[in-house]
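A.B. asks: Before I ask anything, here is the structure I am working with.
Number of protein chains: 4
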Amino acid sequence: MNDASARHHAERTGIWFVGARGSVATTATVGLAAIAGAQAPPTGCVTAREPFASAGLPEFADLVVGGHDISAVTMTKRAEHLVESGMIAPRLLAATHDAVERADAEVRPGYAPDHEEGSSQQQVAERLAADITSFQERHGLARVVVVDLSSTEPPVTPVPEHEDPAALLTALADPGRAVLPASSVSAYAAVLAGAAYASFTPSAGMGLPALTALARDRGIPVAGQDGKTGQTWLRTVLAPAFAARGLKVLSWSGTNLLGGGDGATLADPDAVRSKLATKTRGLTALTGSDTTPLHIDNVPDLGDVKVAWDHVHVEGFLGSRITLQTTWSAHDSMLAAPLVLDLARLLAFAHGAGVSGPVPELGFFFKDPWGSDVHDAAAQAVALESWVQRVAAQARP
Amino acid sequence: MNDASARHHAERTGIWFVGARGSVATTATVGLAAIAGAQAPPTGCVTAREPFASAGLPEFADLVVGGHDISAVTMTKRAEHLVESGMIAPRLLAATHDAVERADAEVRPGYAPDHEEGSSQQQVAERLAADITSFQERHGLARVVVVDLSSTEPPVTPVPEHEDPAALLTALADPGRAVLPASSVSAYAAVLAGAAYASFTPSAGMGLPALTALARDRGIPVAGQDGKTGQTWLRTVLAPAFAARGLKVLSWSGTNLLGGGDGATLADPDAVRSKLATKTRGLTALTGSDTTPLHIDNVPDLGDVKVAWDHVHVEGFLGSRITLQTTWSAHDSMLAAPLVLDLARLLAFAHGAGVSGPVPELGFFFKDPWGSDVHDAAAQAVALESWVQRVAAQARP
Amino acid sequence: MNDASARHHAERTGIWFVGARGSVATTATVGLAAIAGAQAPPTGCVTAREPFASAGLPEFADLVVGGHDISAVTMTKRAEHLVESGMIAPRLLAATHDAVERADAEVRPGYAPDHEEGSSQQQVAERLAADITSFQERHGLARVVVVDLSSTEPPVTPVPEHEDPAALLTALADPGRAVLPASSVSAYAAVLAGAAYASFTPSAGMGLPALTALARDRGIPVAGQDGKTGQTWLRTVLAPAFAARGLKVLSWSGTNLLGGGDGATLADPDAVRSKLATKTRGLTALTGSDTTPLHIDNVPDLGDVKVAWDHVHVEGFLGSRITLQTTWSAHDSMLAAPLVLDLARLLAFAHGAGVSGPVPELGFFFKDPWGSDVHDAAAQAVALESWVQRVAAQARP
Amino acid sequence: MNDASARHHAERTGIWFVGARGSVATTATVGLAAIAGAQAPPTGCVTAREPFASAGLPEFADLVVGGHDISAVTMTKRAEHLVESGMIAPRLLAATHDAVERADAEVRPGYAPDHEEGSSQQQVAERLAADITSFQERHGLARVVVVDLSSTEPPVTPVPEHEDPAALLTALADPGRAVLPASSVSAYAAVLAGAAYASFTPSAGMGLPALTALARDRGIPVAGQDGKTGQTWLRTVLAPAFAARGLKVLSWSGTNLLGGGDGATLADPDAVRSKLATKTRGLTALTGSDTTPLHIDNVPDLGDVKVAWDHVHVEGFLGSRITLQTTWSAHDSMLAAPLVLDLARLLAFAHGAGVSGPVPELGFFFKDPWGSDVHDAAAQAVALESWVQRVAAQARP
Ligand SMILES: NC(=O)c1ccc[n+]([C@@H]2O[C@H](COP(=O)([O-])OP(=O)(O)OC[C@H]3O[C@@H](n4cnc5c(N)ncnc54)[C@H](O)[C@@H]3O)[C@@H](O)[C@H]2O)c1
Ligand SMILES: NC(=O)c1ccc[n+]([C@@H]2O[C@H](COP(=O)([O-])OP(=O)(O)OC[C@H]3O[C@@H](n4cnc5c(N)ncnc54)[C@H](O)[C@@H]3O)[C@@H](O)[C@H]2O)c1
Ligand SMILES: NC(=O)c1ccc[n+]([C@@H]2O[C@H](COP(=O)([O-])OP(=O)(O)OC[C@H]3O[C@@H](n4cnc5c(N)ncnc54)[C@H](O)[C@@H]3O)[C@@H](O)[C@H]2O)c1
Ligand SMILES: NC(=O)c1ccc[n+]([C@@H]2O[C@H](COP(=O)([O-])OP(=O)(O)OC[C@H]3O[C@@H](n4cnc5c(N)ncnc54)[C@H](O)[C@@H]3O)[C@@H](O)[C@H]2O)c1
Ligand code: NA
Ligand code: NA
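Next comes the structure, spelled out in structure tokens:
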């Protein structure tokens with residue numbers, strides 16, 4: 172181990188989940204404890220292999236979990252439910268039970284707009300930021316990374332304040348206005364607390380230009396948006412491969428079936444609009460085709476399993492036709508959780524190295540990458556590796 | 172157009188198909204004529220887009236077709252059959268009929284081992300080489316690229332002469348011995364004729380070490396082996412993507428259904444062994460998994476359509492399981508033909524630039540790339556682009 | 172051949188297509204001519220095998236085609252388009268060209284509500300009925316069967332006149348009212364002309380109770396509704412099989428991709444509502460599950476090919492889970508056309524035997540069978556065979 | 172409840188599993204205990220619904236389990252293994268633990284040919300029969316049904332004694348000969364013990380003509396062979412449906428992936444031959460097509476999950492093509508176990524009613540039905556229901 176990683180090793184890092192009691196956050200918490208305790212290998216974590224493994228990222232064992240949620244169902248209860256549904260192995264929860272209880276003890280009430288009458292959003296954000304700062308101080312953490320894992324919100328109606336930091340700050344101070352959706356109030360709290368930030372959801376979060384500017388001013392690295400975990404990831408693997416062969420995608424049709432918490436949320440036609448938008452944006456960019464019908468159906472009996480079918484119709488040589496169909500089946504939260512741990516490690520690393528504002532090289536993790544137009548998963552993997560090596564090299568004396 | 176490409180433009184290049192009356196060669200010939208005549212766009216050709224398009228490769232319109240075959244069924248008849256089976260559009264054959272007839276007029280009898288009693292393989296190879304040289308001279312071609320598209324042969328039994336050029340030359344001169352399989356006699360003929368060479372089949376061809384050495388000595392570029400067109404290509408797109416995510420492939424099971432000439436050939440358990448070997452080699456290298464059952468079934472009613480089903484079983488976070496199934500359906504020859512044209516253009520370009528011996532950067536096109544251990548399709552695409560840009564830059568004054 | 176069938180043989184029967192220039196009607200017309208002319212076997216026709224073949228149905232060669240349409244694009248043009256799209260073999264259209272032209276010469280202007288200002292619907296229906304009667308007389312037909320193959324209409328808004336024959340007749344006479352959708356005006360015209368009638372579409376047609384009553388009074392047999400040709404047929408094959416095994420369907424999710432005329436029509440959210448309703452009704456009846464999300468997407472590049480994916484999630488022994496996925500791909504009109512010919516033959520047979528009103532035993536052909544609650548395809552096949560044998564036995568002296 | 176069922180209710184019935192410690196037998200034993208104890212509904216049991224439920228079959232709670240096996244791994248251990256692999260829910264094993272232990276206490280050593288040097292097969296069969304008789308007497312059982320659930324054997328080499336009961340008995344008495352495979356020695360033991368018998372495997376079992384004759388003489392009902400549980404069942408649902416539509420199957424290609432004990436057994440090319448034979452026989456009978464390539468691959472990481480892919484290529488109207496693909500995924504033993512319980516109940520019922528010899532109406536349960544050529548699953552379901560109603564009606568006073 173070189174000096175740089177030794178120095179990092181000594182430091183402890185906080186992960187602050189917005190939506191800490193949800194399926195993904197709970198799975199990440201169980202998994203982190205299992206990996207740190209050597210009860211499970213870090214399969215599915217990008218950062219477990221080279222060049223990440225020796226770049227000086229914080230160790231899994233040095234990560235401490237806390238967060239906000241608006242639900243009273245504890246992480247432990249949620250984890251038990253995930254065991255019953257067959258997603259998490261019973262022995263793993265047994266082995267990590269205490270760590271999960273400790274994490275849940277660090278969960279504070281989140282921002283539920285309907286219950287915060289009377290306060291300005293500035294006051295709410297300060298309360299949330301104070302939770303983060305207190306967490307950091309009590310645990311002696313070098314830094315905290317906030318990861319938004321809360322329920323997907325409907326698309327936000329744009330107002331001028333979303334573009335202009337000064338106007339935004341004025342509006343935030345007005346107790347009569349609620350200029351930001353909840354996800355963006357949480358993002359603003361991260362800015363106030365000086366915490367790095369990742370948006371794993373399609374909600375507005377830190378993505379509003381005024382907030383991105385504030386983050387850059389405050390010197391924190393941010394990354395988003397909407398975790399690219401299953402079907403969309405597969406599409407951004409396949410679509411560039413067709414292009415490299417000179418083959419022309421005519422249509423790319425898809426259906427998603429899922430149950431669980433996310434399935435229920437996305438059964439709401441409003442919420443699903445955010446998701447469908449981020450899911451097709453990349454595909455259209457990669458293929459040039461506009462025929463991309465896509466559905467997300469709530470199928471409660473599937474539980475947390477997501478099944479996705481894609482039908483790709485391609486034109487080949489001399490007008491001949493190729494069809495590719497893919498069927499993908501996976502526990503959605505099991506795909507997301509290791510990437511969430513990767514993001515926490517990488518953003519802590521970036522923060523330590525003084526990186527500020529959107530990090531385009533983290534586009535690998537997102538359906539709708541901030542600061543980048545690259546959707547090609549293989550190109551993103553190369554860019555991510557180069558970036559880590561570059562930053563690690565600069566960090567070394 | 173820059174000077175380099177202008178210079179190339181003036182030159183005409185020959186493509187010499189071994190197996191010229193087969194499905195792939197016939198489709199390539201129809202397609203070349205249709206592209207050259209602007210009746211079809213070059214969809215499916217890698218070299219039609221940048222950085223290839225402006226690198227100074229020979230133009231489609233400057234390619235001239237000839238070849239060897241042991242069948243008396245003409246390319247025109249074969250093309251008509253492909254029209255009837257629904258693979259080629261009637262209007263395209265109508266538009267290219269004369270060009271196909273011209274190409275077939277350049278087809279000479281190939282080497283059918285059972286009918287060449289009395290001659291040494293040296294004599295046979297010289298006859299084949301003379302056919303190529305005569306073709307080159309009659310058409311005033313700057314160079315010829317030989318592409319092996321003949322029926323897949325069973326795996327060859329190794330003998331010491333395959334490793335040792337001097338010993339090989341001695342054995343070739345002996346009329347009592349048949350030390351090489353037919354595909355390798357054709358490859359040796361390419362060496363004698365000073366023609367660049369590509370092996371699109373899993374047969375031995377130029378792949379025997381003694382022949383590769385002779386090709387390098389003669390200063391010709393060679394590339395192989397076994398065209399990576401459908402299911403295997405898809406696997407080398409997907410497998411590295413799983414690896415980049417830190418996901419662990421447990422098993423990768425596959426089935427291929429196909430009819431047509433290739434289906435009938437591969438119904439022979441001997442011939443299919445060559446194919447199954449090249450198809451799984453890359454996969455095992457990419458995934459580390461040995462559980463890769465694979466079948467190729469002859470289903471005559473499918474004609475030239477190949478249907479391939481893959482079932483991939485993957486371990487994810489905390490021991491969870493992911494399954495991906497893919498079903499691929501395409502006219503096999505329509506996938507192969509444009510890549511054959513690409514190889515002809517790229518090897519002519521390499522030959523013009525003085526490249527000699529196996530070209531590892533052409534690994535993109537092959538299941539079992541000569542001179543390279545890289546199977547990752549995205550990495551191969553990047554390597555191919557860089558190589559073309561590098562060679563083109565050197566070629567410019 | 173027995174006496175009964177000999178008698179029928181002598182008679183000629185008319186098929187009158189509403190939507191005669193559409194894809195299904197044109198395909199049925201080409202196919203009928205090809206079968207009658209022995210250029211194609213009657214593959215896909217239920218009535219070509221026993222016990223139907225010897226029951227005394229009218230022969231294919233004794234069927235004469237005419238119809239209504241509101242489009243000016245002739246059947247010949249439509250057929251040429253279907254040849255170009257790869258659906259119909261060129262040699263078949265060549266062989267049937269004259270027959271198709273003859274049929275198109277029997278096509279009369281249909282009822283386009285927007286262009287019939289001033290007339291009462293009674294007057295329109297009389298005009299349509301006169302077209303049918305004239306067709307019957309000019310060709311000396313024993314009887315005519317009207318088959319509705321026109322574009323799917325949006326669901327109809329119910330009014331009291333739809334339930335009450337007397338009230339309906341009064342409303343029809345009022346030039347200021349348009350109490351019926353176009354499909355039901357055509358159905359009423361069949362009643363006026365004394366023609367048997369089948370509704371192959373989900374449109375209201377003869378399905379309104381007042382019209383069904385009029386048909387019964389007039390002594391004509393009627394059958395409907397919405398042809399059960401592909402995915403829905405498959406579902407009614409599979410769902411009863413699960414039930415027979417004591418297995419419990421939890422959810423049945425489906426997606427349809429199609430282009431062509433029907434794809435464009437169903438891209439209209441109003442029209443698709445009729446279709447989605449008939450498609451899920453049977454499934455819910457057969458499985459008891461309400462989780463049956465279903466989509467129909469317009470994917471123009473697929474042309475007349477319909478691709479349907481179903482995901483069935485089933486509970487088995489001790490709470491274990493079974494999944495069945497099906498992918499179906501077929502030219503939709505090629506599935507429908509032979510069944511349309513079957514219906515014409517069977518309804519002519521029924522008419523000859525004096526059957527009147529809805530024929531529940533023809534439920535085999537429909538997504539939403541009139542006069543029956545049976546959706547099980549195997550049970551419907553048995554019922555159909557028994558019915559034909561029973562009626563044929565009665566017909567014999 | 173009527174008198175007949177009341178009378179049966181009083182009686183207790185034995186199930187004697189050959190291969191009692193295997194996956195299917197263990198699952199059936201756990202499930203029987205769970206159903207009898209009302210911890211699970213009888214989902215997947217055909218006999219749980221009408222007309223079976225009220226026909227007077229023995230109740231689940233009146234069935235007692237014993238059997239033969241050659242393995243020392245107890246049913247309890249096997250069940251624990253099935254819990255760990257995720258197939259059986261932990262709570263179900265907890266609830267049935269004692270019942271499983273009781274059943275395992277009734278397991279006696281089976282016939283392992285390699286360890287029975289010196290004895291004649293007659294002596295072995297008498298020992299096995301004595302185990303069954305003792306079981307029946309100790310538990311006061313009205314009757315016993317033997318179900319062969321042991322590992323699949325390679326196809327047997329035919330000898331004249333297999334056809335001729337007298338010659339067979341002579342050969343059995345000869346200690347120097349082993350004229351029967353193990354499965355048939357077990358079947359002969361059932362004859363000696365006067366027990367009804369079902370062959371759930373493709374092994375010879377009672378299927379040899381000489382044994383079938385002995386069974387008929389002894390007055391016991393027998394049924395076989397090779398449980399029709401998953402892919403084959405699906406095929407016999409679908410193939411008749413295509414036929415009823417007049418559609419012509421051109422080819423039906425299939426692949427099975429499975430791990431578990433059966434996967435390992437079938438990895439042996441000899442054993443798999445028995446299986447492949449029974450699997451395609453019915454399909455060829457139903458479709459008339461000979462192009463039915465089929466593979467069974469051992470994929471250990473799938474455990475007891477069987478994944479089966481089928482590709483059906485069908486000719487429709489005017490030579491058009493239809494493709495249907497099915498992917499089936501299920502825990503194989505969970506499909507088999509409820510049918511095994513059904514067979515035990517139905518054969519006990521048949522035995523009580525004096526039925527003797529092969530029962531063709533039980534063909535519903537088998538890939539290769541004894542005494543019947545019917546493979547159509549829907550027709551078999553109808554025949555089964557009628558038979559039960561008929562026998563039940565005769566049984567009533
Ligand atoms: N593969 C994946 O799982 C995946 C991929 C991409 C994006 N996502 C996104 O990740 C998010 C989490 O998914 P999940 O399956 O864990 O969902 P979930 O419904 O299980 O959890 C969401 C949690 O957020 C909490 N929450 C809601 N509003 C909040 C607020 N204002 N403040 C704090 N907490 C709040 C909820 O109480 C709940 O505990 C979703 O937005 C989902 O779309 C998931
Ligand atoms: N997608 C693809 O189509 C694909 C992909 C990879 C490799 N390939 C390989 O390409 C080759 C051609 O495939 P195809 O579908 O055109 O097969 P094909 O059977 O249609 O054609 C093979 C031709 O080779 C000729 N031939 C046989 N022996 C010869 C000899 N000794 N000398 C000269 N000609 C000879 C035959 O007469 C025939 O015309 C096969 O080896 C196949 O495995 C094809
Ligand atoms: N497998 C199948 O193809 C299938 C299955 C079930 C139902 N259907 C139904 O069959 C119908 C025909 O399908 P298609 O693919 O041939 O559609 P299409 O769009 O090709 O043809 C419909 C025809 O109806 C004509 N039309 C429209 N309104 C009319 C009117 N008022 N009077 C007379 N003609 C009129 C149109 O001009 C057109 O020629 C559709 O309603 C479809 O939903 C088809
Ligand atoms: N869906 C299904 O599971 C299914 C369907 C059809 C047929 N089958 C057949 O059912 C049988 C059981 O399947 P399984 O998955 O339980 O297999 P398994 O390998 O788990 O069990 C077989 C058992 O038979 C025992 N055995 C072997 N030889 C014996 C002998 N001579 N006497 C007594 N016991 C013996 C073994 O020790 C083992 O315990 C197999 O033949 C299989 O092909 C299963
Ligand atoms: Na009905
Ligand atoms: Na039989």
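Chains as they are written, first to last, in the numbering used here: chain A, 172 to 568; chain B, 172 to 568; chain C, 172 to 568; chain D, 172 to 568.
All C-beta atoms in this analysis are idealised placements derived from N, C-alpha and C, irrespective of residue type, glycine included.
1. Give me the Cβ distance between Y639 of chain B and A296 of chain B, rounded to the nearest whole Å; I'm assuming they're in contact under 8 Å.
2. Should Q565 of chain A go down as buried or exposed, given a rule of 16 or more other Cβ atoms within 10 Å for buried?
3. Just verifying my parser: in three-state terms, what is the DSSP assignment at S122 of chain B?
4. In chain order, which continuous runs of the alpha helix (DSSP H) of length 4 or greater are located wholly inside the segment 381-418 of chain C?
5. Which whole-angstrom value is the C-beta distance of T291 of chain B and D345 of chain B, which I expect to be below 8 Å?
6. Beta strand (DSSP E) containing T498 of chain A: first to last residue?
7. Is the beta carbon of A250 of chain B sitting closer than 7 Å to the one on L264 of chain B?
8. When burial is assigned at 16 or more other CB atoms within 10 Å of the CB, is V244 of chain A buried or exposed?
9. Under the assumption that T463 of chain B contacts W404 of chain B (Cβ atoms under 8 Å), give the Cβ distance between them as a whole number of angstroms.
10. At the 7 Å Cβ level, is D468 of chain B part of the contact set with chain D, yes or no?
11. Does the beta carbon of I186 of chain C come closer than 7 Å to any beta carbon on chain D?
12. Along the beta strand (DSSP E) that carries I186 of chain B, what are the first and last residues, could you check?
13. Nearer than 6 Å: is that true of the beta carbon of R492 of chain C relative to any heavy atom of ligand 4?
14. Expressed to the nearest angstrom, what Euclidean distance is found between the alpha-carbon atoms of A554 of chain B and E532 of chain B?
15. According to DSSP, which residues form a beta bridge with T426 of chain D?
16. With respect to 6 Å, is the separation between the Cβ of A548 of chain C and the closest non-hydrogen atom of ligand 3 below this value?
17. Which word fits D475 of chain D, buried or exposed, when buried means at least 16 other C-beta atoms lie within 10 angstroms of its C-beta?
18. Would you list, in chain order, the members of the segment 394-424 of chain A that have their beta-carbon closer than 9 Å to a beta-carbon of chain C?
19. For a contact defined as C-beta to C-beta under 7 Å, what are the partners of R220 of chain B on chain A?
20. Can you name, in chain order, every residue of its own chain whose Cβ lies under 8 Å from the Cβ of A260 of chain D, other than the five neighbours on each side?
21. CB-CB under 7 Å to A552 of chain B, same chain, minus the five flanking residues each way: which ones, in chain order?
C.D. replies: According to the structure data:
1. For residue 639 of chain B there is no data in the structure shown, the boundaries of chain B being 172 and 568.
2. Label assigned to Q565 of chain A: exposed.
3. As displayed, chain B neither begins before 172 nor continues past 568, which places residue 122 of chain B out of reach and without an answer.
4. Listed in chain order, the complete alpha helix (DSSP H) runs (minimum 4 residues) inside the segment 381-418 of chain C are 402-415.
5. As written in the sequence, residue 291 of chain B is Ser, which differs from the Thr given in the question. Under the criterion of beta carbons closer than 8 Å, S291 of chain B and D345 of chain B qualify as touching, at roughly 6 Å.
6. T498 of chain A -> beta strand (DSSP E) spans R492 to H502.
7. Between A250 of chain B and L264 of chain B, the C-beta gap is smaller than 7 Å, which places the two residues in contact.
8. The residue is exposed, with fewer than 16 neighbouring Cβ atoms inside 10 Å.
9. So it is not a contact: roughly 16 Å between Cβ atoms.
10. Interface residue (Cβ-Cβ distance to chain D less than 7 Å): D468 of chain B is classified as such.
11. Using a Cβ-Cβ cut-off of 7 Å, I186 of chain C does not count as an interface residue toward chain D, since no Cβ of chain D sits closer than that to its own.
12. T184 to V189 is the extent of the beta strand (DSSP E) around I186 of chain B.
13. No - ligand 4 has no heavy atom lying nearer than 6 Å to the Cβ of R492 of chain C.
14. A554 of chain B and E532 of chain B have their alpha carbons spaced roughly 6 Å apart.
15. Note: T426 of chain D sits in a beta bridge opposite D:H466 and D:W480.
16. No, the Cβ of A548 of chain C stays beyond 6 Å of every heavy atom of ligand 3.
17. Buried, because 16 or more other Cβ atoms sit within 10 Å of the Cβ of D475 of chain D.
18. Against chain C - using a Cβ distance shorter than 9 Å - the residues of the segment 394-424 of chain A are L421, S422 and S424.
19. Within 7 Å Cβ-Cβ: G417.
20. V254.
21. F535.
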